[in-house]
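I have placed the structure first, in the form of structure tokens, so that the comments after it can refer back to it.
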Amino acid sequence: MSDNDLSPISTREARRLFAGLKSAPALVLAVSGGPDSVALMWLAARWRRSLARGPGLTVVTIDHGLRREAAREAREVKRLAAELGLPHRTLRWRGAKPKTGLPAAAREARYRLLAQAARAAGASHVLTAHTRDDQAETLLMRLLRGSGLAGLSAMAPHSERDGIVLARPLLEVPKAQLIATLKRAGIGFADDPTNRDTAFTRPRLRALLPLLAAEGGDARTLVRLAARLARANAAVELLADGAERFLRLRDRGDAPQVGLRSFEALAFAGLPEEVRLRLLLRAINALGHEGPAELGKVEALLAALDQAITTSPRAAAKGRAILKQTLAGALISLAGGRIQIAPAPARRRKGG
Numbered sequence: 035m036s037d038n039d040l041s042p043i044s045t046r047e048a049r050r051l052f053a054g055l056k057s058a059p060a061l062v063l064a065v066s067g068g069p070d071s072v073a074l075m076w077l078a079a080r081w082r083r084s085l086a087r088g089p090g091l092t093v094v095t096i097d098h099g100l101r102r103e104a105a106r107e108a109r110e111v112k113r114l115a116a117e118l119g120l121p122h123r124t125l126r127w128r129g130a131k132p133k134t135g136l137p138a139a140a141r142e143a144r145y146r147l148l149a150q151a152a153r154a155a156g157a158s159h160v161l162t163a164h165t166r167d168d169q170a171e172t173l174l175m176r177l178l179r180g181s182g183l184a185g186l187s188a189m190a191p192h193s194e195r196d197g198i199v200l201a202r203p204l205l206e207v208p209k210a211q212l213i214a215t216l217k218r219a220g221i222g223f224a225d226d227p228t229n230r231d232t233a234f235t236r237p238r239l240r241a242l243l244p245l246l247a248a249e250g251g252d253a254r255t256l257v258r259l260a261a262r263l264a265r266a267n268a269a270v271e272l273l274a275d276g277a278e279r280f281l282r283l284r285d286r287g288d289a290p291q292v293g294l295r296s297f298e299a300l301a302f303a304g305l306p307e308e309v310r311l312r313l314l315l316r317a318i319n320a321l322g323h324e325g326p327a328e329l330g331k332v333e334a335l336l337a338a339l340d341q342a343i344t345t346s347p348r349a350a351a352k353g354r355a356i357l358k359q360t361l362a363g364a365l366i367s368l369a370g371g372r373i374q375i376a377p378a379p380a381r382r383r384k385g386g
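Residue numbers for the sequence shown follow my numbering, so the first one is 35 and each next one is one higher.
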């Protein structure tokens, strides 16, 4: 960790972090009360005050109803927001909580509520306080799960969800620098004990980071790797776009039928494997009703298609279907020399 990682963020640096958001109509700040999100709120408020004209800021705290301290922490965020002249809302995740997969369910609920708050405030963006440390942990989590190139790109600085842009302006900033910024400003913050609860994957990986850093795998190095993988992923996406256009030209430029994706089998088989995989993923996720499709299952489907095309080229050219499979609510078939993806028939309910 360098000395810069321990120095407070200057006004000039804060302006650089938020510069791309100056023309937004309004912004929602996701603030839980922890050091990262409190620093986001304080830095955004200081940046907004430096502008003659700029977006309105609304602070939103999500109370998941999982910890008794959450209500008190939300009230403290409201107090800090008022001191900064910012409106604040607390939204609660109501209803039964799942017994398994709780972190993922809580994350899904959080983003859904934040998107609702953004629409209510007329905001185009929701700002979250993900840091360089979070990015490194995300890369490790996805690496251990065997994610593909897109997953190993980790979190993007900007992404879209429910028509709202999720912006992560602190993604290159180390957590230590945010804490130093708050200490310099004399601003307190909450300590969430679940961040150290080794019952969850992320805290366990967080505890490993010092050991990885001793071997040269510090957060800065891991984040640089994620950025390089994101760059490669963007290039492959462009190749997949070009491949879709190529396959349409093979079909004499015909526009794809609504509710159906169709590829000439032999032309499809001649494309690079990663491109073929992405074309299948796109089609299945667009037309299936049980998605998103699991990467491993799409890889298995692609292998089956490749084998069918290679070993039965004559049969593939005739009308007889030589492969038919459902995946993630999509029906994939190989017949008449074409691969077709369409919505699968709805499953029958048991006892129906």
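Even for Gly, the Cβ is constructed at its ideal location relative to N, Cα and C.
If you measure between the beta carbons of residue i and residue j, is that distance less than 7 Å?
i	j	result
Leu361	Ala327	yes
Ala299	Arg284	no
Gly387	Gly370	Past the edges of the chain, shown from 35 to 386, lies residue 387, and the structure says nothing about it.
Leu311	Leu281	no
Val207	Thr165	yes
Ala108	Thr134	no
Ala253	Ala320	no
CB-CB under 8 Å to residue i, same chain, minus the five flanking residues each way: which ones, in chain order?
i	result
Ala116	His122
Ala190	Arg202 and Ala264
Taking DSSP's pairing of strands, which residues face residue i in a bridge?
i	result
Glu194	Val199
Gly1	In the structure as shown, the chain begins at 35 and stops at 386. Residue 1 is therefore absent and cannot be evaluated.
Arg146	Note: Arg146 sits in no beta bridge, so no partner.
Ile366	Gln359 and Ile375
Leu204	Beta-bridge pairing links Leu204 to no other residue.
His122	Val93
Val160	Val62 and Leu200
Arg295	Ile375
My understanding is that residue i touches residue j, with C-beta atoms under 8 Å, so please give their C-beta distance in whole angstroms.
i	j	result
Ile96	Arg141	At roughly 10 Å, the Cβ-Cβ gap does not stay under 8 Å, so Ile96 and Arg141 are not in contact.
Leu177	Leu186	6 Å
Gly325	Ala376	In fact, because the Cβ distance is near 14 Å, the residues do not count as touching under 8 Å.
Take residue i and list the residues in its own chain whose beta-carbon comes closer than 6 Å to its own, dropping the five residues that flank it on each side.
i	result
Ala201	His159, Leu161 and His192
Ser181	none
Ala73	Leu212, Thr215 and Leu216
Leu40	Ala210 and Ala214
Roughly how many angstroms separate the alpha carbons of residue i and residue j, rounded to a whole number?
i	j	result
Trp423	Asp225	Nothing can be reported for residue 423, as the shown portion of the chain is limited to 35 through 386.
Ala64	Leu256	25 Å
Ala154	Leu85	24 Å
Leu243	Ala378	44 Å
Arg372	Pro237	48 Å
Gly330	Ala266	20 Å
Met75	Val309	41 Å
Grab me the residues of residue i's own chain with a C-beta within less than 7 Å of its C-beta, minus the 5 sequence neighbours each way, in chain order.
i	result
Phe52	Ala78, Trp81 and Pro203
Gly88	Lys56 and Arg82
Leu305	Ala277
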